[in-house]
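Student: The sequence shown: position 2 = -11 (my numbering), numbered continuously.
The beta carbon of each residue, even a glycine, is placed where N, CA and C say it ideally should be.
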Amino acid sequence: MHDRRDESVGRLIEEFLTARATRKPSPHTQEAYRRDLRAVATLAGAEHTPPLSPDALMISTLSPRVMRAAFARFATPRAASSVHRAWSSWNGFFSFLVAEQVVAGNPMPAVGRPRTPLPQPKPLRGEDTPEVLLASVSREDARQRDPWPERDVAVLALALCAGLRLAELLALRVSSVSGRAGERRVAVDGKGGRPRVVPVEPELDEVVSAYLDSRRRRFGARSVRPDEVLLVDRRGEPLRRGGLQYLVDSCYRRAGITDRVPAGARLHALRHTFATRLAEDGAGAAEIMRLLGHASLASSQTYIEVTAGQQRAAVRSNRTNRVLVGLMSGGGRD
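(1) Under three-state DSSP, which class holds Ala295?
(2) Under three-state DSSP, which class holds Ser68?
(3) DSSP has Val173 in a bridge; who is on the other side?
(4) Quick one, which of Pro134, Val184 and Val27 has its alpha-carbon nearest Leu322's?
(5) With a threshold of 7 angstroms on Cβ separation, who are the neighbours of Phe206 within its own chain once the five nearest residues in sequence on each side are excluded?
(6) Whole angstroms are fine: how far does the CA of Thr9 sit from the CA of Val185?
(7) For the ligand MN, any of its heavy atoms closer than 7 angstroms to the Cβ of Leu278?
(8) Alpha carbon to alpha carbon, what distance is there between Arg112 and Gln298?
(9) Evaluate the contact criterion for the region 159 to 172 versus the region 264 to 283: three or more CB pairs, one atom per stretch, below 8 angstroms.
(10) Hey, could you find the ends of the alpha helix (DSSP H) Asp139 is sitting in?
(11) Which stretch, first to last residue, makes up the alpha helix (DSSP H) that contains Gln88?
(12) Quick one, are the C-beta atoms of Val89 and Glu(-6) less than 8 angstroms apart?
(13) Are the beta-carbon atoms belonging to Leu157 and Leu145 less than 8 angstroms from one another?
(14) Between which two residues does the alpha helix (DSSP H) containing Val53 stretch?
(15) Excluding sequence positions up to five away, which residues of its chain have a Cβ less than 7 angstroms from the Cβ of Arg241?
(16) By Cβ distance below 6 angstroms, which residues in the same chain neighbour Phe61 in space, the five residues on each side in sequence not counted?
(17) If Val85 and Asn93 are in contact, beta carbons under 8 angstroms, what's the gap, nearest whole angstrom?
(18) Along the chain, where does the alpha helix (DSSP H) that runs through Ile275 open and close?
(19) In chain order, what residues of the same chain have a beta carbon less than 7 angstroms from the beta carbon of Ser50, not counting five sequence neighbours either side?
(20) Looking only at its chain, what residues have a beta carbon closer than 6 angstroms to the beta carbon of Val216, apart from the 5 residues adjacent to it on each side?
(21) Exposed or buried, what is Glu137 when buried is set at 16 or more other beta-carbons lying within 10 Å of its beta-carbon?
(22) Alpha carbon to alpha carbon, how far is Arg21 from Ser40? Give it in angstroms, no decimals.
(23) Which one of Pro108, Gly269 and Pro101 has the shortest CA to CA distance from Arg65?
(24) When we look at the beta-carbon of Gly179 and count the other beta-carbons within 10 Å, is it buried (16 or more) or exposed?
(25) Report back the beta-carbon spacing between Ala149 and Leu199 to the nearest angstrom; my notes put them in contact at under 8 angstroms.
(26) Nearest by alpha-carbon distance to Gln131: which of Leu234, Thr263 and Ala56 is it?
(27) Going by alpha carbons, who is nearest to Ala197 out of Arg212, Trp135, Ala174 and Thr245?
(28) According to DSSP, Ser(-5) sits in a beta bridge with which residue or residues?
(29) From Thr116 to His15, what distance separates their C-alpha atoms?
(30) Out of Pro189, Phe83 and Gly271, state which residue places its alpha-carbon closest to the alpha-carbon of Leu(-1).
(31) On the CB-based measure, 16 or more other CB atoms within 10 Å of its CB, does Thr260 come out buried or exposed?
(32) Considering only the beta carbon of each residue, do Leu159 and Val140 sit closer than 8 angstroms?
(33) Is the beta carbon of Val173 sitting closer than 8 angstroms to the one on Val161?
(34) Taking the straight line between their C-alpha atoms, what separation do you get for Ala295 and Ala273?
(35) On a Cα-Cα basis, can you pick out the residue from Asp220, Ala33, Glu87 and Ala19 that is closest to Val70?
(36) For a quick check, are the C-beta atoms of Asp336 and Arg72 less than 8 angstroms apart?
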């Protein structure tokens, strides 16, 4: 093992984040890792007299006892999901240090972590809501300064019909959609460095083609070269995170369906709608896992469980069931 026991935790955190950067995480994800790692390191440094900052704290001092104490203090004001995320960040950090021969072992198995239930899907509410949304957005709205329905429909359709996340949409290139007619597919740079390929049906292919044609008319043929970003704003610049969120929110408002969008879901509601409809139409957890790029089968299983609950609720609403009440208690027998 290399003699790096006296290196600072702060410096090693940055080395770990640099190594992770090759997996192309979103800036938001990378900053969440840094925040969790430094927050717990600050609490671990507080165990010393005088307290040490993460940049002054040596990695050799992070024993299981110190980490348990730091996580106990970290957990007190926070939700279980936040503690679980921080635990995973530190587990990944120590695994990296073990692989780099900076430390001899990972102390995190000795640090308890809460069990957190998997988040429940939040699809758009209403049986026909996706259709209402797409139909509304496909029409030019005179109230808009510079309407571009082809682009707006393409954004919604890629989320509703391919299940892409926000960061995945932003990472798409023109060349990401490829293949022969009838065998088209979109190559997705997935979360956690897990690439995947999602089939593109002819209808979605037509929507994307119509968008690219409209983009050529607006900005010229050079704007749709294979290496160009697929989704752009009205100036032809790559869409950013805030711009994409605003675009989707404005589509909801124009369609008059803001009351059908679950709180906190926004664009993710479109991805959840894609997965929920897959489950309703008979797709298994393994298929949903591959199409959505989930890291575990458990995440995909939640969509099937929600669908089963909806089916049971539909059966329960059948008025004939109420006739059965009391039949076997004697009142209905001859």
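Tutor: Here's the rundown:
(1) Confidence at Ala295 is low in this model, with a pLDDT of 49, below 50, so its placement is unreliable and no value can be given for it.
(2) helix
(3) Val164 and Val185
(4) With the chain represented from -12 up to 321, any question about residue 322 goes unanswered, as that position is not in the structure.
(5) Gly223
(6) In this model, Val185 and Thr9 are separated by some 23 angstroms (Cα to Cα).
(7) Among the components of this structure there are no ligands whatsoever, and the ligand MN is therefore not found.
(8) Any answer about Gln298 is weak, because its pLDDT of 44 lies below 50 and its placement is not dependable; what the coordinates show is given next. Gln298 and Arg112: Cα-Cα distance of roughly 15 angstroms.
(9) no
(10) Asp139 -> alpha helix (DSSP H) spans Pro136 to Ala149.
(11) No alpha helix (DSSP H) holds Gln88; DSSP gives it neither H nor E.
(12) A contact, by the Cβ cut-off of 8 angstroms.
(13) No, the pair does not count as a contact, with Cβ atoms beyond the cut-off.
(14) Pro51 to Ala62
(15) Ser123, Val124 and Asp128
(16) Val27 and Leu30
(17) Cβ atoms of Val85 and Asn93 come within 8 angstroms of each other, at about 6 angstroms.
(18) Ala272 to Leu279
(19) Same-chain partners within the cutoff: Pro94.
(20) Pro225
(21) buried
(22) 14 angstroms
(23) Pro101
(24) Gly179 comes out exposed.
(25) The pair is not a contact, with the Cβ atoms about 16 angstroms apart (cut-off 8 angstroms).
(26) It is Leu234 whose Cα lies nearest to the Cα of Gln131.
(27) Trp135
(28) Met45
(29) 30 angstroms
(30) Of the candidates Pro189, Phe83 and Gly271, Phe83 places its Cα closest to the Cα of Leu(-1).
(31) buried
(32) no
(33) no
(34) Any reading at Ala295 needs caution, since the residue's pLDDT is 49, under 50, leaving its predicted position unreliable; the model's value is listed next. Roughly 16 angstroms between the two C-alpha positions.
(35) Ala19
(36) Here the chain covers residues -12 to 321 and nothing more, so residue 336 does not appear.
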